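Here the structure comes first, spelled out in structure tokens, and everything after it is commentary.
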Amino acid sequence: MIPDLAGLPPLYILIPLALIALAIARRIPVIGTLVSIASWIVLIGLVVTLFTQRAQLDPYLGKVAGLLRSDGQTVVGKETRLRMADDGHFWARVTINGVERRMLVDSGATVTAMSADTAAAVGLAVETPLVPVLLSTANGTVRARTATVPELTIGNIVARDVAVVVSPNFGNVDVIGMNLLSRLASWRVEGRTMILVPHHPQAVTGA
Numbered sequence: 000m001i002p003d004l005a006g007l008p009p010l011y012i013l014i015p016l017a018l019i020a021l022a023i024a025r026r027i028p029v030i031g032t033l034v035s036i037a038s039w040i041v042l043i044g045l046v047v048t049l050f051t052q053r054a055q056l057d058p059y060l061g062k063v064a065g066l067l068r069s070d071g072q073t074v075v076g077k078e079t080r081l082r083m084a085d086d087g088h089f090w091a092r093v094t095i096n097g098v099e100r101r102m103l104v105d106s107g108a109t110v111t112a113m114s115a116d117t118a119a120a121v122g123l124a125v126e127t128p129l130v131p132v133l134l135s136t137a138n139g140t141v142r143a144r145t146a147t148v149p150e151l152t153i154g155n156i157v158a159r160d161v162a163v164v165v166s167p168n169f170g171n172v173d174v175i176g177m178n179l180l181s182r183l184a185s186w187r188v189e190g191r192t193m194i195l196v197p198h199h200p201q202a203v204t205g206a
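Under numbering that gives the first Met the number 0, the letters of the sequence shown match residues 0 to 206, in that order.
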């Protein structure tokens with residue numbers, strides 16, 4: 000169906016009127032300044048809106064968006080709490096060997112997984128197991144190597160000797176799996192918040 004535009008002013012009238020109004024406004028210092036400020040506010044708002052909407056569909060942009068604002072990770076009493084991100088997932092701010100990474104918390108993943116870049120950045124000794132490790136991912140079955148993380152920190156949680164799998168096929172996404180979550184005293188999701196409770200909460204600063 001073709002929309003009825005009869006009741007709307009023609010564009011060839013609206014556009015010239017808008018240009019004339021803008022030109023007049025810019026000749027008056029105060030109004031011109033207000034128009035410029037308003038234009039920048041609208042432009043910035045549009046860019047932020049488009050970026051946020053795109054970040055909901057793109058996990059890589061979602062990670063960037065998380066770095067540009069508070070990532071929603073807080074320590075409350077004995078709990079570490081993660082707020083759901085715009086992409087509908089929970090991301091944890093993790094420190095390994097002094098290197099900070101943002102990792103996806105995935106209760107559907109059996110084992111914690113790291114990209115080859117992250118493994119290299121934190122200095123993991125990656126090994127090729129005698130029995131091949133084959134993992135099913137969204138991109139199909141991939142072969143992975145293994146490593147052990149000496150110490151991993153999330154908020155007030157400290158986990159030691161965490162087994163992980165490493166593969167360049169994971170892209171730039173690092174995942175916290177059930178082999179780490181199962182070490183906690185408990186974990187649960189309440190609304191848009193994931194609550195992680197360690198057996199022995201550690202003192203933290205700036206979490």
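Ideal placement from N, C-alpha and C gives every residue a C-beta, glycine not left out.
These figures come from a predicted structure and were not determined experimentally.
What residues in its chain sit with their C-beta under 7 Å from that of residue i, if we drop five residues either side in the sequence?
i: V196; result: K77, E78, L183, A184, S185, W186
i: R82; result: G71, R191, T192
i: G139; result: none
i: F89; result: L81, M83, V104, M193
i: M228; result: Outside the modelled stretch of the chain, which goes from 0 to 206, sits residue 228, for which no answer is possible.
i: L133; result: T140, R142
i: V203; result: V74, G154, N155
Mind checking which residues open and close the beta strand (DSSP E) that includes residue i?
i: L133; result: 132-136
i: M113; result: 111-114
i: M102; result: 98-104
i: A158; result: 156-166
i: P128; result: Taken as a continuous stretch (DSSP letters only), P128 belongs to no beta strand (DSSP E), as it is neither H nor E.
i: G139; result: 139-153
i: V93; result: 89-95
i: T203; result: In the sequence on display, residue 203 carries Val and not Thr. Unbroken run through V203: none, as it is neither H nor E.
i: R82; result: 78-82
With a threshold of 8 Å (Cβ to nearest heavy atom), would residue i be considered close to the ligand MG?
i: N96; result: For the ligand MG, the structure offers nothing, since it holds no ligand at all.
Within 10 Å of its beta-carbon, does residue i have 16 or more other beta-carbons around it, so buried, or fewer, so exposed?
i: V207; result: The structure shown has nothing for residue 207, since the chain only spans 0 to 206.
i: L129; result: exposed
i: T147; result: exposed
i: N171; result: exposed
i: D160; result: exposed
i: A118; result: buried
i: V163; result: buried
i: T127; result: exposed
Please return the same chain residues whose Cβ sits closer than 8 Å to the Cβ of residue i, not counting the five positions on each side in sequence.
i: R68; result: Note that R68 scores a pLDDT of 46, beneath 50, so its modelled location is shaky; the value from the coordinates is reported in the next line. For R68, where only same-chain residues beyond five positions count, there are no Cβ hits under 8 Å.
i: I156; result: T79, L183, L195, P197, P200, Q201
So, under 8 Å CB-CB, residue i and residue j are touching, yes? Tell me the CB distance rounded to an integer number of Å.
i: T207; j: T152; result: Residue numbering for the chain in the displayed model covers 0 to 206; residue 207 lies beyond these limits and cannot be assessed.
i: M113; j: V165; result: 5 Å
i: A144; j: V125; result: The sequence given here has Arg at residue 144, not Ala. Contact flag correct, Cβ pair sits at about 5 Å.
i: T136; j: L179; result: Not quite, the Cβ-Cβ distance comes to about 18 Å (not below 8 Å), so this is no contact.
Considering residue i, what are the terminal residues of the alpha helix (DSSP H) in which it resides?
i: M177; result: 177-180
Might you give, ordered along the chain, the residues of its own chain that have their beta carbon closer than 6 Å to the beta carbon of residue i, omitting 5 neighbours on each side?
i: V121; result: I95, N96, V98
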